[in-house]
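Report on the following structure.
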Amino acid sequence: MIGIATMKPVLARAARRLALRAVPILSCLQGAVAAEPPRVGDAVLEPVAATALPGFPGPDPAAALDAFRRVCAAPPVAIPITAAGSAEDLAAACARARDLAPEAAGAFFREAFDAYRIVRPATGTEPLRRAGFLTGYFEPELAGSLEPGPGFTAAVLARPDDLVPLEPGETRPGLDPGLRAARKVGEALEPYPDRAAIEDGALGERARPLLYLRDAVDLFVLQVQGSGRVRLPDGRSLRVLYDGRNGRPYTSIGKLIVTEGHLPLEGLTLARWTGWLRENPADARRLMRKNASYIFFRLAEIADPGLGPPGAAGVPLTPGRSLAVDANLWRYGLPFWLEGALPGETGPGRLVVAADTGSAIVGPARGDLYLGTGAAAGVVAGNLRDAVGFVVLLPKPPGGAR
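Its first residue numbered 613, the sequence shown is counted upward by one per residue in our numbering.
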């Protein structure tokens, strides 16, 4: 992903014991008549008939149904109380979808949900905005080794035992409210070391390498994407999964490269900016260390090569169908119709399912589309920076009336 943080922190992993909660943000939708248009964040939700959405539900709604059912089958994760969508209504839609035949997918999405176009307010001279912003992310495939040696010098670190993650909205006395993790020192908490300090040895014996990548640039790419596959010298492949972060804010290296005038924004692909970093090692080290965020990992076997790593919803991501959304605003499992031409799509839109989140994915009409594994997926993801319309599908109550 170019120029944004798509680290995909699994915000709810430690809190799966909590049940899904109904939220009040769309309570006005539950009555027969709403006094004001329903809102999510700074956006108004405009009702729209599914039949009025050109191309809906797309040429392969069964693929979206599969992605939807994966989220339905996952153990519940804790989400902020600000997230929109009724847990009960979504559970009812999940139950209805459980035994559907693939050919019934289109009718299911038309009949079991109400569609709402996400419209943001005017700003200055700008009129109401019906287009949001869509980017793409992918799972990199990198060369690595379980032991350090020539050609494998960058350590992928396991999560330290003194890392204390903070849930969304959680604050601790004496800590900056913007920090999303802390370091346990005795009975006290303090800010966790930033990237530069970790690289300089601040973790001491708690720095436990899982494996080694070719160089610091590969490690940085892995941390930006949040997960990846690593090919070992013996031909085996392992999945490297996100397992925590130091809680420091993320800074886009693409933005830094462009701001300093090293490369233009136009055509700033993954291959181009990683190539520039390798050609300019002194500047590369300086710029990468400006990103204070640092990601820790764990290793896992690859159960299904056709699926991606687990997203924040706790299920493997489906290429082209799993969407990262602002988890402070939207519940995992909600379907979205993306209005506009997308990679590999012949029609005017695509049906996707909220299954992940990311630190740079902020706002009601902001999404990051998971596009698969490897270099080809990385090219598509790096080129996806498009204005598209966002339509959320909110599940109808079991009786069908709001």
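Positions of the beta carbon are idealized from the N, C-alpha and C atoms, including for glycine.
Since the model is a prediction, treat every value here as computed from it, not as a measurement.
Is residue j closer than 9 Å to residue i when the C-beta atoms are compared?
| i | j | result |
| --- | --- | --- |
| Leu822 | Leu754 | no |
| Gly961 | Trp949 | yes |
| Arg601 | Phe908 | Outside the displayed range of the chain (613 to 1014) lies residue 601, so it cannot be described from this structure. |
| Ala655 | Ala999 | no |
| Gly887 | Tyr749 | no |
| Gly935 | Gly979 | Here residue 935 turns out to be Leu, not Gly, going by the sequence shown. Result yes, Cβ atoms of Leu935 and Gly979 sit closer than 9 Å. |
| Ala709 | Ala724 | yes |
| Leu600 | Leu882 | With the chain running from 613 to 1014 in the structure shown, residue 600 is simply not present. |
| Phe832 | Ile869 | no |
| Glu843 | Arg851 | Here residue 843 turns out to be Arg, not Glu, going by the sequence shown. Their beta carbons are not under 9 Å apart, which means Arg843 does not touch Arg851 by this criterion. |
| Ser849 | Ile914 | yes |
| Leu996 | Val965 | no |
| Leu981 | Ala972 | no |
| Gln1047 | Ser757 | Only positions 613 to 1014 of the chain appear in the structure, and residue 1047 is not among them; the question remains open. |
| Ala967 | Val776 | no |
| Pro893 | Asp701 | no |
| Ala793 | Gly856 | yes |
Where DSSP assigns a beta bridge to residue i, which residues make up the other side?
| i | result |
| --- | --- |
| Asp998 | Leu746 |
| Ala912 | Arg851 |
| Val965 | Ser934 and Pro947 |
| Gly979 | Leu746 |
| Gly689 | The question names Gly, but residue 689 is Val in the sequence shown. Val689 is not bridged to any residue. |
| Val1003 | Arg729 and Trp949 |
| Ser557 | In the structure as shown, the chain begins at 613 and stops at 1014. Residue 557 is therefore absent and cannot be evaluated. |
| Leu769 | Pro821 |
| Phe680 | In DSSP, Phe680 forms no bridge with anything. |
| Gly840 | Val852 |
| Lys796 | Leu801 |
| Pro777 | Ala793 |
Excluding the five sequence neighbours on either side, which residues of its own chain have a C-beta within less than 7 Å of the C-beta of residue i, listed in chain order?
| i | result |
| --- | --- |
| Arg742 | Arg729, Val731 and Gly1001 |
| Pro673 | Ala717, Gly718, Phe721 and Leu963 |
| Ala686 | Ala925, Gly926 and Val927 |
| Arg629 | Because the pLDDT of Arg629 is 33, which lies under 50, any placement of that residue in the model is unreliable, and the number read from its coordinates should be weighed accordingly. Nothing meets the Cβ criterion. |
| Arg820 | Leu769 and Ala770 |
| Gly763 | Arg826 |
| Lys796 | Asp774 and Val776 |
| Pro845 | Ser757 |
Once you ignore the five residues that flank residue i on each side, which residues in its own chain have a CB closer than 8 Å to its CB?
| i | result |
| --- | --- |
| Asp678 | Thr930 and Arg933 |
| Pro692 | Pro780, Gly781, Ala939 and Asn940 |
| Leu791 | Leu778, Pro803, Tyr804, Gly859 and Arg860 |
| Val622 | Only weak support is given to the placement of Val622: the predicted model assigns it a pLDDT of 37, under 50, and the question is left unresolved by the model. |
| Arg818 | Pro772, Asp773 and Asp774 |
| Ala627 | With a pLDDT of only 36 at Ala627, under 50, the local geometry of the prediction cannot be trusted, and the value read off the model is given with reservation. Here the set comprises Val689, Ala690 and Glu779. |
| Pro586 | Residue 586 cannot be examined here, being either before or after the span of the chain that is shown, 613 to 1014. |
| Arg807 | Asn858, Arg860, Met900, Arg901, Asn903, Ala904, Ser905 and Tyr906 |
| Pro714 | Ala674 and Leu677 |
| Gly667 | Gly959, Pro960 and Gly961 |
| Val991 | Thr881, Leu882 and Ala883 |
Does residue i come within less than 9 Å of chain B when only Cβ atoms are used?
| i | result |
| --- | --- |
| Leu834 | Although the question refers to chain B, the structure presented lacks it and comprises just one protein chain. |
Check whether the Cβ of residue i lies closer than 8 Å to any heavy atom of the ligand ADP, and answer yes or no.
| i | result |
| --- | --- |
| Leu880 | By its list of ligands, the structure shown contains no ligand whatsoever, and the ligand ADP lies outside what it can speak to. |
To which residues of the same chain is residue i closer than 6 Å at the C-beta, ignoring the five residues directly before and after it?
| i | result |
| --- | --- |
| Leu889 | Val829 and Ala896 |
| Ala727 | Val660, Ala662, Val1003 and Leu1005 |
| Ala675 | Arg933 |
| Gly1011 | none |
| Ala989 | Phe750 and Leu983 |
| Ala705 | Ala724 and Pro1007 |
Find the nearest neighbour of residue i within the set the options, judged by alpha-carbon distance.
| i | options | result |
| --- | --- | --- |
| Glu951 | Glu759, Gly744 and Pro671 | Gly744 |
| Gly959 | Pro671, Glu799, Leu657 and Arg997 | Pro671 |
| Pro752 | Lys1008, Gly984, Leu712 and Leu996 | Gly984 |
| Ala765 | Glu811, Val836, Ala988 and Gly986 | Sequence check: residue 765 is Thr here, not Ala. With distances taken between Cα atoms, Thr765 lies closest to Glu811. |
| Leu875 | Thr735, Asp711 and Glu891 | Glu891 |
| Leu712 | Arg681, Gly847 and Ala734 | Arg681 |
| Gly873 | Trp885, Tyr862 and Thr863 | Trp885 |
| Ala800 | Gly918, Gly813 and Gly786 | Gly786 |
Unbroken beta strand (DSSP E) runs of length 3 or more, entirely within the stretch 860 to 920: which are they?
907 to 912
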